[in-house]
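Just below is one structure, and these are the notes that go with it.
There are 2 protein chains.
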Amino acid sequence: MATVIPDSTPEQDSGQRIARRSLHDEVVERLRDLIVEGELEPGKRVPERVLCERFGISRTPLREALKVLASEGLVELLPNRGAVVAPLTVVELDEIIEVMVALEGLAGLLAASRMSDAGIVEVKALHYEMLACHARADLHSYFKLNQAIHLAIIEGAGNATLVQTYGALNGRIRRFRYMANLSGARWDHAVAEHEEILAALTRRDSALLSRLLSDHLRNKYQHLKQAYEAEAQAAE
Amino acid sequence: MATVIPDSTPEQDSGQRIARRSLHDEVVERLRDLIVEGELEPGKRVPERVLCERFGISRTPLREALKVLASEGLVELLPNRGAVVAPLTVVELDEIIEVMVALEGLAGLLAASRMSDAGIVEVKALHYEMLACHARADLHSYFKLNQAIHLAIIEGAGNATLVQTYGALNGRIRRFRYMANLSGARWDHAVAEHEEILAALTRRDSALLSRLLSDHLRNKYQHLKQAYEAEAQAAE
DNA sequence: GCATTGAATTTTGCATTCAAAATGCTAGCA
DNA sequence: TGCTAGCATTTTGAATGCAAAATTCAATGC
Numbered sequence: 001m002a003t004v005i006p007d008s009t010p011e012q013d014s015g016q017r018i019a020r021r022s023l024h025d026e027v028v029e030r031l032r033d034l035i036v037e038g039e040l041e042p043g044k045r046v047p048e049r050v051l052c053e054r055f056g057i058s059r060t061p062l063r064e065a066l067k068v069l070a071s072e073g074l075v076e077l078l079p080n081r082g083a084v085v086a087p088l089t090v091v092e093l094d095e096i097i098e099v100m101v102a103l104e105g106l107a108g109l110l111a112a113s114r115m116s117d118a119g120i121v122e123v124k125a126l127h128y129e130m131l132a133c134h135a136r137a138d139l140h141s142y143f144k145l146n147q148a149i150h151l152a153i154i155e156g157a158g159n160a161t162l163v164q165t166y167g168a169l170n171g172r173i174r175r176f177r178y179m180a181n182l183s184g185a186r187w188d189h190a191v192a193e194h195e196e197i198l199a200a201l202t203r204r205d206s207a208l209l210s211r212l213l214s215d216h217l218r219n220k221y222q223h224l225k226q227a228y229e230a231e232a233q234a235a236e
Numbered sequence: 001m002a003t004v005i006p007d008s009t010p011e012q013d014s015g016q017r018i019a020r021r022s023l024h025d026e027v028v029e030r031l032r033d034l035i036v037e038g039e040l041e042p043g044k045r046v047p048e049r050v051l052c053e054r055f056g057i058s059r060t061p062l063r064e065a066l067k068v069l070a071s072e073g074l075v076e077l078l079p080n081r082g083a084v085v086a087p088l089t090v091v092e093l094d095e096i097i098e099v100m101v102a103l104e105g106l107a108g109l110l111a112a113s114r115m116s117d118a119g120i121v122e123v124k125a126l127h128y129e130m131l132a133c134h135a136r137a138d139l140h141s142y143f144k145l146n147q148a149i150h151l152a153i154i155e156g157a158g159n160a161t162l163v164q165t166y167g168a169l170n171g172r173i174r175r176f177r178y179m180a181n182l183s184g185a186r187w188d189h190a191v192a193e194h195e196e197i198l199a200a201l202t203r204r205d206s207a208l209l210s211r212l213l214s215d216h217l218r219n220k221y222q223h224l225k226q227a228y229e230a231e232a233q234a235a236e
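For the protein sequence lines, the chains are A and B, in the order given.
For the first sequence, full-length UniProt numbering begins at 1 and goes up steadily by one.
For the second sequence, full-length UniProt numbering begins at 1 and goes up steadily by one.
So, in C-alpha cells, the structure goes:
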C-alpha cells in the first residue's frame, strides 16, 4: 500500500486520462486493478510501452508504480528483462491464507471489544443486505458485501496496521475470488457461518468471534483452492 | 520488501559506490539502513539532492526507492513536497506490535511442528551463543543473536509470506531497538523466557511455543515502549 | 517593528534522452 | 533442412531536461 498523503483533490473519475493527485499513485491503483481483474495475466510480461500509451503517461511513473507493486508482491521484476505479473502458486496461496487466518483471528479478538456500537449496527445492516443478495442469488453483489463486512470487522479492530497488512495480502489473492463460483450448498454454509459471526460480534464474544472468523476464512479457502487447482489443471 | 529476482552478482561491499544488481534495489537497502540506523531522522525531509550525490546516482533510482519505502511505511510521500521519514507514534508502535504478536504466535504454532531437527539444533546453538553474550554483558551481540533466533523460528514455520510480512513490520520498529537498553533484571527475565521457548520448541509443543513467543514479544515491547516514551518526553 | 506580498531560487514531478542489455531476424554453414 | 553466428531492433535502466509547485527571502506597507 503506497503511503502517500493524499491531497484534497476530489475523486473525479470522469475522464479516462490520469490527472488527479500524484500520477504514480494513480498508476499503482490502475495497474493493481488490471492485475486483480485478470486483464494482465499471471506470468506474462507487463508491456511497459503499451501501458504507457494506454495511460497516456511516460515510462517514469509507470516504472515507479511497478516497483511499488513489486514490493507488494503483485509483480516480479526480472533484472534487465522487465516485469511479469507474479504468478501465484498453490504453495504461496496456502502461505498467504495461513497468515490471513491469523490476522482474521486477531481482528475478531480486537473488534469484539473495540468496535463501536454504531460499527456493529453497520455490519448488521451489511449482513442483511448480503442475505438479500444470497436470496436473489446475486453472486457479484454478495461478494462485494461479503468483502465489505470483513473489511468493516477488520477496521473495527481499530488497528490501521492490521488493516494495511491484511489488505496487502488480500490484494494478492483477490483475483482468485473472481473464479470462486459458490455452489449452492457451500454458499448456504458460508451464510450460516456469517450468521454465527454476526451473533458473536453482537455479543462481543472475543474468543468466539476470533475462532469463527479464522474458521470461516479457512473454509472459504478450501473452496477457493479447489476451484483454483481445477482451473490450473484445466489450463494445461 | 522489493520482490526483485536478484541476479547472481556477489555481495561485494568494498566500494562505497553502487554498482551491483539493479540500482534501485540497492538504493532501497541503503536508504532503509540509513533510516533504521537513525541517520535519517523521523519526521525530517529526505534530501533528494544530497542523497543522490552521496550515492553517486541520479534522481530516478532514488525516487523509485522512495516509492518502495513509502509502500513499506518507512517514509511518507507528501505530494509536491517530497518525502519525510515516517515518524512512528506510540499508537502505531502499539498497532505494529499487536500484529507482530499474532504473527509470532502463528510462527510458534507452525514452527513447532514443521521445523527440521537440524533447524532446532541451530536454534539451540544460537541460544547458547546468546547466553554467552548475556554472561559477558555484550548487549550488541546479544541483540543480534536474539534477532537471529527469532528469525530462525519464523523461518522454521516454513511460510515465506509470514517471513516477509513479519520482516516488513519488524523493519518499521527496528530502529527503536537501538534505544532499548536492557536493565539487568529485565535482561535476566528475557533470557529466562528464551529458555522456556527453547524447551517448548525442543518438545515441539505447538500451543505452548505459540503462547510463549507471543508473551515474549509483548513483554519485550513493554520495555521498548517505556524506553521510547521516556525518550520522546526527553526530546521535548 | 511586524506582517504581507511577490519575485528569485530551489525542489519536485514527469517527460525525454541515451547507453547497455536482451530479443528477434537473417544469412551462412554443415 | 536445421543450427549457429552476427547484425538490427526492441526493451530496459538510469541520467538529464523542463515545467510547475513550493520555499525562501527581501522589500514594502502598515
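No residue lacks a Cβ here, since even glycine has one placed at the ideal position from N, Cα and C.
Taking the Cα positions, Phe176/B is about 11 Å away from Val90/B. Taking the C-beta atoms as reference points, Ile149/A is found no nearer than 9 Å to His223/A.
A check of alpha carbon separations from Lys124/A across Gly105/A, Arg81/A, Gly167/A, Leu201/A identifies Leu201/A as the nearest. Under the Cβ distance rule, Gln164/B counts among the residues neighbouring chain A, one pair being separated by less than 9 Å. Taking 9 Å as the cut-off, the Cβ atoms of Val36/B and Glu64/B do not count as close. The beta carbon of Gly156/A sits closer than 7 Å to those of Ala111, Arg114, Met115, Gly119, all from its chain and outside the five residues before and after it, given in chain order.
For Ile96/A against Arg172/A, the beta-carbon gap comes to about 6 Å, under 8 Å, which counts as contact. Secondary structure of Arg59/A (DSSP, three-state): helix.
Separation of Asp138/A and Gly108/B (C-alpha to C-alpha, rounded to the nearest whole angstrom) is 41 Å. By alpha-carbon distance to Ala192/B, the top candidate from Arg45/B, Ala86/B, Asp33/B, Tyr128/B is Tyr128/B. Take the alpha-carbon of Glu48/B and the one of Glu196/B: they are about 47 Å apart. In terms of beta-carbon proximity, Ala125/B stays away from the interface with chain A, with every pair separated by 9 Å or more.
Using a CB distance cut-off of 9 Å, Ala192/A does not count as an interface residue toward chain B. Within the segment 30-116 of chain B, the complete alpha helix (DSSP H) segments of 4 residues or longer fall at 48-55, 59-72, 90-114, listed in chain order. Interface criterion met: the Cβ of Ser71/B is under 9 Å from a Cβ in chain A. Rounded to the nearest whole angstrom, the C-alpha separation of Asp188/B and Asn219/B is 13 Å. Residues Leu169 of the same chain have their beta carbon placed closer than 7 Å to that of Val99/A, with the five preceding and five following residues left out of the count. If you look at Ser141/A, you'll find it in the alpha helix (DSSP H) that goes 139-156. With its beta carbon at least 9 Å from every one in chain A, Lys220/B lies outside the interface. If you ignore the 5 residues before and after Leu212/B, its C-beta comes within less than 6 Å of the C-beta of Glu196, Ile197, Ala200, all in its own chain and listed in chain order.
Residue state for Ser206/B is assigned as helix, using DSSP reduced to three classes. For Thr89/B, none of the residues of chain A pass the 8 Å Cβ criterion, the least Cβ distance being about 11 Å. Annotation: the continuous alpha helix (DSSP H) that includes Leu162/B extends over 160-177.
Excluding the 5 residues flanking it on each side, Ser141/A has same chain C-beta neighbours closer than 6 Å at Cys133, in chain order. Gly105, Leu106, Leu110: these are the residues of the segment 104-119 of chain A whose beta carbon lies less than 8 Å from some beta carbon of chain B, given in chain order.
The residues Val84, Val85, in chain order, have a CB closer than 7 Å to that of Lys44/B in the same chain once the five nearest residues on each side in sequence are set aside. In the displayed model, Leu182/B falls within coil according to three-state DSSP, outside both helix and strand. By the rule that beta-carbons nearer than 9 Å mark a contact, Ala65/B touches chain A. For Asn170/B, the nearest beta carbon of chain A is not closer than 9 Å to its own beta carbon. If you draw a straight line from the Cα of Cys52/B to the Cα of Leu62/B, it is about 7 Å long.
DSSP places Ser214/A in the helix class (H, G or I) of the three-state scheme.
The alpha-carbon of Val68/A is positioned some 25 Å away from that of Ala102/A. Under the 10 Å beta carbon count, Val46/A is surrounded by 16 or more other beta carbons and is classified as buried.
With 16 or more neighbouring CB atoms inside 10 Å of its own CB, Val163/A falls in the buried class. The closest CA to that of Phe143/A, considering only Leu126/A, Gly158/A, Ile154/A, Asn159/A, is found on Leu126/A.
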